[in-house]
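For the record, the sequence lines run as chains D and B. Heads up, the first sequence is in numbering that gives the first Met the number 0, so the first residue is 0 and it goes up one at a time. Heads up, the second sequence is in numbering that gives the first Met the number 0, so the first residue is 0 and it goes up one at a time. Heads up, the beta-carbon is just placed ideally off N, CA and C, and yes, glycines get one too. All values reported here derive from a predicted model rather than from experimental measurement.
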Amino acid sequence: MPTIMTVDDTASMRQMISFTLGSAGYEVIEAADGAEALKLAQDRKVDLVIADVNMPNMDGIALVKSLRAMEQYKFTPILMLTTESQADKRDQGRSAGATGWIVKPFNPEQLVEVVRKVLG
Amino acid sequence: MIPASLATRWWAWAAAACVGSWAWTLSHVPTVVAVGSGCATLIAVVLLLGHGLKRYRAQQASAALAPASGGAPDAAATAEEDEIAALLRETNKEIGEIPPVDEILQSMEADNHRRRLEDLLRRWVDVAHRYSEAALVLRKEIHAVVQHTEQAANTISSSFQAVINKATLQAREAMELLEGTQGGAGDGAPQSLTDFIRVSDERLTKMADEVVRVADLSVQMVKELDGVQSRTQAIDGFLLDVEKLADQTSLLALNADIEAARVGEHGRGFSVVAQEIRRLSQRSHEFSDRIRQHLKAVKVGLHKTYGDMRNLSAADMEHALKIKQEVLELTRSLETKNREVAETVSRINTISREIAQDVHNVVVSLQFHDITSQKLKAMLEPMDELRRTLFHLMQETMAVGKNLLPTRPAEGAETTTAAPAPPAEDDAGDSVIRKLRAVGAPVSGPSVELF
């Protein structure tokens, strides 16, 4: 089963993502910010990252850039899940190397569908 | 001098009036009131006196000036004139020293302006102070709201997760139950209710069929017995024939014996044969009798067996058919029950799917918390910016107004030199949280506070 990492500073968001994807049969690990996520990603292989944009310590955009700089995460799908819907933020995410942009609130079925699609 | 005589007359009139009123008052009015009115009268008199004196002096002065302005030039008058001229020069000099009116007005206006400016600055500093405090309070409140919604959202989301986990478990167990009652059999032994019904139905049917077959056999046996009985009757008939033959043989032997006696000595041997034949005939009779007796016993036995068999076959058949019917009904009812169980389980399954859908909706709605807290947190930054700006403006104002505002000791001491950092997150909403707990507790706490 693929491992998915959810990165969000809000505990309830992480919980809901874990629950939704866990019910769909994926293994889900959680990180509270970009820095923690980066450490986790170094320790183990993650098949998909779902990250918030606005976070303390290291934000989502910086996380995407750092992950893309690592050899093993060059082509790993990274989805941004955020309240930000402005075009310039989205463009920032795209140019940093994010795979997709989901605006909160997410619909559980839709999220599972997107995850299935990007995991191939 | 008319005014002087007038004043003297006033004196006289006033004194007379005083004495008169005093005398009258003493005799007619209580002492306290009398003293009061006396005092009032005294004050009135003093005032009148003052007025009279002033007018008198003014008249005296004009009388003295009249000879100086247009009087005769004597020595005393000249000296007085010099003195007056000196006085006039002195006065003119002093008047020359007094600044012009425009200058005075300007300086007054400047003073006024400065006071207004001071006042404005003070008010401005006050306002800045108050609003930066208000911004701090607002910041704390926002923080508290964020914390509370986070707590609530966490609790709600974990509760809903528990709900959907339980619903899923419930549905799975119901499905297992359904599979247990509907599943296929392995090696003949019934493993489910359906199998049990099927196997017991098969076996009972087999048994009922066997009973029916036995009953059929007994019916056949009864028929066979009928045949046997008719044959015994035939044997009875044959026995009668045998007896008739024996009788005829006996008669024939008697005739032979008579014929032998008639022949005499030569017929003696024949007579012995005839006697033997008679004896044989008698024995044949005896045999026939014994056979008949046995046949009779057989007939009785057969009759009894026939009746028993008839009863037996009828009862068997009836019983077997009844049992078969009952078993069939039992099976039907079991099957109905089983179908009902299956339907219920499938309904449970549908409901769990619906619950899952509902929980999905909840998951969507619960994200409002994340969105609102991000929006609220976004409000904090401009608020801090406002506080910083206010603080710096205040400081600058204080610096500028240090000369203008010499007497504001408390103001500068309160605000520190460093820019205000946002307060530590932990204690930020403490008092607010306590307040909230006291009023409407979140989730688990009591909603009423008793003292």
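- Selection from D/Val6, D/Ile3, D/Thr19 and D/Asp51 that minimises the alpha carbon distance to glutamine 109 of chain D: The sequence position of residue 109 of chain D within the first sequence is 110, counting from 1. Restricting attention to D/Val6, D/Ile3, D/Thr19 and D/Asp51, the CA atom closest to the CA of glutamine 109 of chain D is found in D/Thr19.
- Message: Just to make sure I have the definition right: I need the residues of chain D whose C-beta is within less than 8 Å of the C-beta of isoleucine 370 of chain B. Which are they?
- Response: Stepping through the second sequence from its first residue, residue 370 of chain B is reached at position 371. Within chain D, the residues placing a beta-carbon under 8 Å from that of isoleucine 370 of chain B are Thr82, Lys103 and Pro104, ordered along the chain.
- Pairwise C-alpha distance: threonine 304 of chain B and leucine 329 of chain B: In the second sequence, residue 329 of chain B corresponds to position 330, counting from 1. In the second sequence, residue 304 of chain B corresponds to position 305, counting from 1. Approximately 37 Å, taken between the alpha carbons.
- Quick one: Cα of aspartate 246 of chain B to Cα of serine 312 of chain B, how far? On the second sequence, position 247 is the one that residue 246 of chain B refers to. On the second sequence, position 313 is the one that residue 312 of chain B refers to. C-alpha separation (whole angstroms): 46 Å.
- Message: Nearest by alpha-carbon distance to leucine 192 of chain B: which of B/Lys374, B/Leu238, B/Val18 and B/Glu339 is it?
- Response: The sequence position of residue 192 of chain B within the second sequence is 193, counting from 1. Among B/Lys374, B/Leu238, B/Val18 and B/Glu339, the Cα nearest to that of leucine 192 of chain B is on B/Glu339.
- Query: Does the beta carbon of asparagine 473 of chain B come closer than 8 Å to any beta carbon on chain D?
  - Reply: Shown here, chain B extends from 0 to 450; a query on residue 473 of chain B therefore has no answer.
- Taking only the alpha-carbon atoms, compute the straight-line gap between threonine 414 of chain B and methionine 57 of chain D and give it to the nearest angstrom. Sequence index remark: in the second sequence, residue 414 of chain B carries index 415 (1-based). Sequence index remark: in the first sequence, residue 57 of chain D carries index 58 (1-based). Per-residue confidence for threonine 414 of chain B stands at a pLDDT of 40, beneath the threshold of 50, marking its modelled position as unreliable; no derived number is given.
- With distances taken between CB atoms, is the gap from leucine 47 of chain D to valine 102 of chain D smaller than 8 Å? Against the first sequence, residue 47 of chain D aligns to sequence position 48. Against the first sequence, residue 102 of chain D aligns to sequence position 103. No.
- Backbone secondary structure at proline 408 of chain B - three-state DSSP: Taking the first residue of the second sequence as position 1, residue 408 of chain B is located at position 409. Unreliable placement is indicated for proline 408 of chain B, whose pLDDT of 42 sits below 50; no coordinate value is reported for it.
- Message: Give the list of continuous alpha helix (DSSP H) stretches no shorter than 4 residues that lie fully inside the stretch 225-297 of chain B.
- Response: When DSSP assignments are scanned along the stretch 225-297 of chain B, no uninterrupted stretch of alpha helix (DSSP H) that is 4 or more residues long falls wholly within it.
- Task: Determine the contact status of leucine 365 of chain B and methionine 15 of chain D, defining contact as a CB-CB distance below 8 Å.
- Result: In the second sequence, the residue the question calls residue 365 of chain B occupies position 366. In the first sequence, the residue the question calls residue 15 of chain D occupies position 16. Methionine 15 of chain D sits close to leucine 365 of chain B, with the two beta carbons spaced by under 8 Å.
- Task: Apply the 10 Å Cβ neighbour rule to alanine 36 of chain D and answer buried if 16 or more other Cβ atoms are within range, or exposed otherwise.
- Result: Reading the first sequence from its first residue, position 37 is the one you call residue 36 of chain D. Under this definition alanine 36 of chain D is a buried residue.
- Return helix, strand or coil for methionine 79 of chain D, following the three-state DSSP convention. Translated into the one-based positions of the first sequence, residue 79 of chain D becomes position 80. Methionine 79 of chain D carries a strand assignment under DSSP once its states are collapsed to helix, strand and coil.
- What distance in whole Å lies between the Cβ atoms of arginine 386 of chain B and leucine 135 of chain B, which are believed to be in contact at a cut-off of 8 Å? Mapped onto the second sequence, residue 135 of chain B falls at position 136. Mapped onto the second sequence, residue 386 of chain B falls at position 387. Contact annotation, leucine 135 of chain B with arginine 386 of chain B: C-beta distance approximately 7 Å; criterion of less than 8 Å satisfied.
- Message: Is it buried or exposed, methionine 308 of chain B, if we count other Cβ atoms within 10 angstroms and call 16 or more buried?
- Response: Residue 308 of chain B sits at position 309 when you count from the first residue of the second sequence. Classification of methionine 308 of chain B: buried, given that the 10 Å Cβ count is 16 or more.
- Message: Just to confirm the assignment, what range does the alpha helix (DSSP H) spanning glycine 99 of chain D have?
- Response: On the first sequence, position 100 is the one that residue 99 of chain D refers to. Premise fails: glycine 99 of chain D lies in the beta strand (DSSP E), 99-102, not in any alpha helix (DSSP H).
- Message: Pull the bridge partners of methionine 142 of chain D from the DSSP assignment, please.
- Response: Here chain D comprises residues numbered 0 to 119, so residue 142 of chain D is not present and cannot be evaluated.
- Residue-chain proximity (glutamine 169 of chain B, chain D), Cβ-Cβ < 8 Å: Counting from one through the second sequence, the residue named residue 169 of chain B turns up at place 170. Look at glutamine 169 of chain B: its C-beta is not under 8 Å from any C-beta on chain D.
- Message: By alpha-carbon positions, which one of B/Val363, B/Leu379, B/Gly95 and B/Ala207 ends up nearest to valine 326 of chain B?
- Response: Within the second sequence, the letter at position 327 stands for residue 326 of chain B. For valine 326 of chain B, the nearest C-alpha among the options comes from B/Ala207.
- Message: Run through chain D and tell me which residues come within less than 9 Å of glutamate 149 of chain B, C-beta to C-beta.
- Response: Taking the first residue of the second sequence as position 1, residue 149 of chain B is located at position 150. At a beta-carbon threshold of 9 Å, the residues of chain D lying near glutamate 149 of chain B are Thr9, Ala10 and Ser11, ordered along the chain.
- Apply the 10 Å Cβ neighbour rule to glutamine 160 of chain B and answer buried if 16 or more other Cβ atoms are within range, or exposed otherwise. For the purposes of this step, residue 160 of chain B is taken as the residue at position 161 of the second sequence. Answer is buried; the Cβ neighbour count reaches 16.
- Item | Listed by chain order, chain D residues near valine 362 of chain B by CB distance under 7 Å | Position 363 of the second sequence holds residue 362 of chain B. Here the neighbours are Met15, Thr19 and Pro107.
- Interface partners of phenylalanine 367 of chain B on chain D, CB under 8 Å: Counting from 1 along the second sequence, the entry for residue 367 of chain B is found at position 368. Those are Pro104, listed as they occur along chain D.
- Short CB-CB distance (under 8 Å) between asparagine 53 of chain D and chain B: To locate residue 53 of chain D, count along the first sequence from 1; it is residue 54. With 8 Å as the cut-off, asparagine 53 of chain D counts as an interface residue toward chain B.
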